[in-house]
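For the record, the sequence lines run as chains A and B.
Just so we're aligned, residue 79 is where the first sequence starts under this note's numbering, counting upward by one.
Just so we're aligned, residue 79 is where the second sequence starts under this note's numbering, counting upward by one.
For glycine and all other residues, C-beta sits at the position ideal for the given N, C-alpha and C.
2 protein chains.
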Amino acid sequence: MGNPTVSSGKAPEVENDDDFRVHVFSSSSELLEKLHEKWSSVEKQPYPAMYSSIFGGIILDPAMMVIPIDDHMVHRGHGVFDTSIVLDGYLYELDVHLDRFLLSASKAKISSPFSQSTLRSIIIQLTAASKCKKGTLRFWLSAGPGDFLLSPAGCPTSAFYAVVIDHDFSQCKEGVKVITSNVPMKPPLFATAKNVNYLPNVLSVMEAEEKGASSSIWVDEEGYIAEVPNVNVAFITQDKELVMAPFDNILRGCTAKRLLELAPRGEGQGVEMRCASKILMVVEGKVAGESLFVRRPLTLLPRMVWDVQPNGSGGVGEITMLISNLMWGGKGSFLDTQGNRVPYVE
Amino acid sequence: MGNPTVSSGKAPEVENDDDFRVHVFSSSSELLEKLHEKWSSVEKQPYPAMYSSIFGGIILDPAMMVIPIDDHMVHRGHGVFDTSIVLDGYLYELDVHLDRFLLSASKAKISSPFSQSTLRSIIIQLTAASKCKKGTLRFWLSAGPGDFLLSPAGCPTSAFYAVVIDHDFSQCKEGVKVITSNVPMKPPLFATAKNVNYLPNVLSVMEAEEKGASSSIWVDEEGYIAEVPNVNVAFITQDKELVMAPFDNILRGCTAKRLLELAPRGEGQGVEMRCASKILMVVEGKVAGESLFVRRPLTLLPRMVWDVQPNGSGGVGEITMLISNLMWGGKGSFLDTQGNRVPYVE
């Protein structure tokens, strides 16, 4: 969101205070002016709008898309989140995500300052104010600001934040390379609530990137496949059976759920296939006919190369592409579901 | 840090958008004005100053003590922190904390935008600007703002934030009640780096509070005592041996380290005592002669009541108080160490 003024990159060693004076802003107006100057050089604002219950409204100025430093989500990770997509002016499956969002909040012992219908209304109005037609909505519930302690007892109220992210996406037709993660998995209590304690996920992805892959797969101590940090993973066995890890110890993906509903329809397409949400050993996963990432509804990532060896034929999996096509169009597809129309004002 | 305008507490169910209009701020100035109005009713500002490398300076206005919503510390927990104390115009053991801070950062794969001496200089100047004479300094290194992805690859620079917290503290002479935590412990990689993924710690403390205690103790699967979320715990056995859990799987407390250096001096006080940093079973801990929390240097919490049964005599432990006194004064005490004098301008 910007660069520090004091230094860009590594600062020189400072031996005594005389060498180095930190600027003290005389007022918030001086600071705002500086931030506006910085933002004026940015070609396209990445987030067209943000809502904050602490501000009590929607802000369109990127300089103020901020959260109090004493919010317990910032310094303790006491916050949960979820994401919806907006496409062609519709917010899809918002309530599926809000349901999971409030479930995550309850596991993290955060009570929402708003009812589900108010949350829905805020998100829809935020999207309208943003004018964004294609992108993602990310929203958080936090224990709120108040102090720097562990317990939220000193926080007067929990907080709700939401951001609209302009983002282009389309049907994904290329494979991805993955590795087995060396970063320890989270205990089930924390893996099943979508909270902001994602350092294990971050380190997993960084480990993959360092090795030229795009993601890494978590495998539990017994060698069962769990998940990729922030996506579910599915396999199509040689018997044309779609298999995913059960959701006991990992996040219940909304798209994975939808996929399980959708997959039997493959039969109508001449592909015999059934879903089984059962555990799968690494050895089975690696020899599976096809494999796919199950992330956002419309960004199934077909075919993957896992720890060097490509799955199946090495080409983009036929059944995977069939499922992806089922998601993208026709009766019962993801886009066929009832979305919330966003009341944009032109 | 404030209450939302839209609602205080639970909002009513909203059946359709017509019932409920979210305010859209016309400008940042309008928002700032509102925030100033809110802050004007607050009797005493809790944080006299904040530094942000994103702002490139020190801000004294609480309305702007904020962090960008897209900072990866906020939404991914990709940040580390540490804390120092300021007392009588001195910052104590700042470099001990900065050493650990940079070690935590390296474990979280965050490279500091500043050298250690620049970090030190910023913290000292911040404290001077705050005019705070007694309180704590909390500081963070974050992967920085940039986007809402997992990987920090899209973040132009890491970020450094620091806040001065006005806070009174004195030698603690009363016991605390603790319970055994039911919240799962963190894997060693995450427990040994002081990062903001503290949801397990938060839930542990909330569990304790629900049961009328002030803290809970983490015990590992084999029944060995680990730590209290954000403090080390020590025991003095019937043989007058000071015992702490080893630091392999828990955070290496700066005060615990100091305590281990200090404890042999008890001998000079007529108390035979030696330190051993070894593992201790719950059963041993519960029958220990005395027990103490090892938090900030000057807030050792003597005597605790664990899962109902009081340790030792039930009174404040004699040896614990002796150690606490050693910390508070005299040669070799905590206050005898070289602090960084803060160059306040009156």
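Three-state secondary structure (DSSP) of residue i
i                 : result
Thr398 of chain B : helix
Gly157 of chain B : strand
Lys112 of chain B : helix
Trp296 of chain A : coil
Pro124 of chain B : coil
Arg330 of chain A : coil
Lys255 of chain B : strand
Leu370 of chain B : strand
Ser282 of chain B : helix
Gly344 of chain B : helix
Asp246 of chain A : coil
Gly417 of chain B : strand
Met405 of chain A : helix
Pro266 of chain B : helix
Ser131 of chain A : coil
Met143 of chain B : coil
Arg99 of chain A  : coil
Ser118 of chain A : helix
Phe313 of chain B : strand
Leu358 of chain A : coil
Ser162 of chain B : strand
Leu138 of chain A : coil
Phe325 of chain A : coil
Glu171 of chain A : coil
Under 8 Å between C-beta atoms of residue i and residue j
i                 : j                 : result
Leu180 of chain B : Gln203 of chain B : no
Val241 of chain B : Ile147 of chain A : yes
Tyr239 of chain B : Tyr129 of chain B : yes
Ser182 of chain A : Asn273 of chain A : yes
Ala127 of chain A : Ala237 of chain A : no
Leu337 of chain B : Ile401 of chain B : yes
Tyr170 of chain A : Phe325 of chain A : no
Phe313 of chain A : Ser229 of chain A : no
Ser106 of chain A : Leu110 of chain B : yes
Ser220 of chain A : Asp298 of chain A : no
Thr315 of chain A : Gly367 of chain A : yes
Ile136 of chain A : Pro223 of chain A : no
Ile303 of chain A : Gly363 of chain A : yes
Gly410 of chain A : Leu358 of chain A : no
His153 of chain B : Phe159 of chain A : yes
Gly167 of chain B : Gly155 of chain A : no
Ile201 of chain B : Leu172 of chain B : yes
Glu305 of chain A : Leu329 of chain A : yes
Thr214 of chain B : Ile243 of chain B : yes
Pro278 of chain B : Asn327 of chain B : no
Arg216 of chain A : Phe103 of chain B : no
Gly290 of chain A : Trp218 of chain A : no
Ala231 of chain A : Glu288 of chain B : no
Lys255 of chain A : Ser292 of chain A : yes
Thr235 of chain A : Pro191 of chain A : yes
Closest residue to residue i among the options (Cα-Cα distance)
i                 : options                                   : result
Lys185 of chain B : A:Glu396, A:Val360, A:Leu281 and A:Thr333 : A:Leu281
Asn310 of chain B : B:Asn275, B:Ala231 and B:Thr270           : B:Thr270
Ile257 of chain B : B:Ile200, B:Ser106, B:Gln416 and B:Trp384 : B:Trp384
Ile163 of chain A : A:Gly135, A:Arg343 and A:Cys332           : A:Cys332
Ser178 of chain B : B:Lys112, B:Lys335 and B:Asn418           : The amino acid at residue 178 of chain B is misidentified as Ser; the sequence shows Arg. Minimum Cα distance to Arg178 of chain B is reached at B:Lys335.
Asn308 of chain B : B:Gly407, B:Val372 and B:Lys364           : B:Val372
Pro262 of chain A : A:Arg99, A:Phe103, A:Lys116 and A:Val283  : A:Val283
Val365 of chain A : A:Asp317, A:Leu329, A:Ala323 and A:Pro342 : A:Asp317
Pro342 of chain A : A:Met405, A:Leu215 and A:Glu285           : A:Met405
His101 of chain A : B:Val120, B:Val102, B:Lys112 and B:Gly134 : B:Gly134
Thr196 of chain B : A:Leu197, A:Arg99 and A:Lys356            : A:Arg99
Trp117 of chain B : B:Pro140, B:Phe103, B:Glu108 and B:Tyr125 : B:Pro140
Glu252 of chain B : B:Thr398, B:Val361, B:Asn418 and B:Gly346 : B:Thr398
Pro360 of chain A : A:Gly407, A:Leu138 and A:Gly301           : It is Val, not Pro, that sits at residue 360 of chain A in the sequence shown. Comparing Cα-Cα distances from Val360 of chain A to each of A:Gly407, A:Leu138 and A:Gly301, the minimum goes to A:Gly301.
Cys250 of chain B : B:Pro421, B:Glu424, B:Asn403 and B:Gly408 : B:Asn403
Val420 of chain A : A:Gly407, A:Cys210, A:Gln347 and A:Gly408 : A:Cys210
Cβ-heavy atom distance, residue i to the ligand SAM, below 7 Å
i                 : result
Glu368 of chain B : Looking for the ligand SAM in the displayed structure turns up nothing, as the structure carries no ligands at all.
| query | Which ranges does the beta strand (DSSP E) cover as unbroken runs of at least 3 residues, wholly within the stretch 180 to 233 of chain B, from first to last along the chain? | reply | 212 to 220
| task | Could you run through the stretch 182 to 197 of chain B and flag, in chain order, every residue whose CB is less than 8 Å away from some CB of chain A? | result | Ala186, Lys187, Pro191, Phe192, Ser193, Ser195 and Thr196
| request: Pull out every residue of the stretch 125 to 141 of chain A whose Cβ sits closer than 9 Å to any Cβ of chain B, in chain order. | output: Tyr125, Ala127, Met128, Tyr129, Ser130, Ser131, Ile132, Phe133, Gly134, Gly135, Ile136, Ile137, Leu138, Asp139, Pro140 and Ala141
| request: Quick one: which residues of the stretch 106 to 117 of chain A get their C-beta closer than 7 Å to a C-beta of chain B? List them in chain order. | output: Ser106, Leu109 and Leu110
| Residues in the stretch 263 to 279 of chain B having any Cβ partner in chain A nearer than 9 Å | Met263, Lys264, Pro265, Pro266, Leu267, Phe268, Ala271, Asn273, Val274, Asn275, Tyr276, Leu277, Pro278 and Asn279
| said: Short of 8 Å Cβ to Cβ, which residues in the stretch 298 to 319 of chain B face chain A? | reply: Pro307 and Asn308
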